[in-house]
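Here's the structure, in structure tokens; my notes come after.
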Amino acid sequence: MAKPLSRRHGDHCHAQSAPADDRSPSYREHRSMIWVTDHRGSLAYICREWHDLTGQGPSQALGTGWIEAVHPEDRAAVAGGFAEACRRQVEFMLRYRLRRANGTYVWVLDAASPSFTPLTHDFVGFLGLVSRYEDDVENLTAAVE
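Residue numbers (the UniProt record's numbering): 1 to 145.
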């Protein structure tokens, strides 16, 4: 099982938090979530905001556990798109529904770029960012209805 890259990465993520008066749950839900994989595509690090939104702790999310938070109807397409990007070692963007800790779903964009060693250009994994965009989807859906 993959382990977090280091405690320091997690601390860095929180160092960028908003001032104390802006730390309401709705603010945290709108934050983007940083993630990192190893060269096999196994999730090696996930920012604390992932847990805040999904309720998945590191022991649940790392490795391939994160896919369990993806909506069942989106899971196969997300897993397939991710596997293809890993195989080809290319950047990607996926749109899917992510389960919140309360059991409801939120639409997200998940984008990542591959990382390579500077000298040998060996693939070392992905650096990605998951961002909520549910409000835009809800507004578009309401306009169509």
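Ideal Cβ placement from N, Cα and C applies to all residues, glycine included. Being a predicted model, the structure only gives us computed values, none of them experimental.
Asked, Found
"Neighbour-count burial assignment, GLU49, 16 or more Cβ in a 10 Å radius", "buried"
"Nearest to TYR105 (by Cα), restricted to the options GLY41, ALA44, LEU53, HIS39", "LEU53"
"Entirely enclosed alpha helix (DSSP H) segments - the UniProt domain \"PAS\" (34–89), minimum 4 residues", "48–54, 58–61, 72–88"
"Inter-residue spacing [alpha-carbon to alpha-carbon] between GLU68 and HIS51", "13 Å"
"Within 9 Å, strictly: CB atoms of SER32 and LEU129", "yes"
"Distance, ARG40 Cα to SER131 Cα", "23 Å"
"Environment of TYR133 [buried if 16+ CB atoms lie within 10 Å]", "exposed"
"Residue range of the unbroken beta strand (DSSP E) whose run includes PRO114", "105–116"
"LEU98 - DSSP class collapsed to helix/strand/coil", "strand"
"Test: GLU73 CB closer than 9 Å to a CB of chain D", "Checking the listed chains, one finds no chain D in this structure; it contains a single protein chain."
"Backbone secondary structure at LEU119 - three-state DSSP", "coil"
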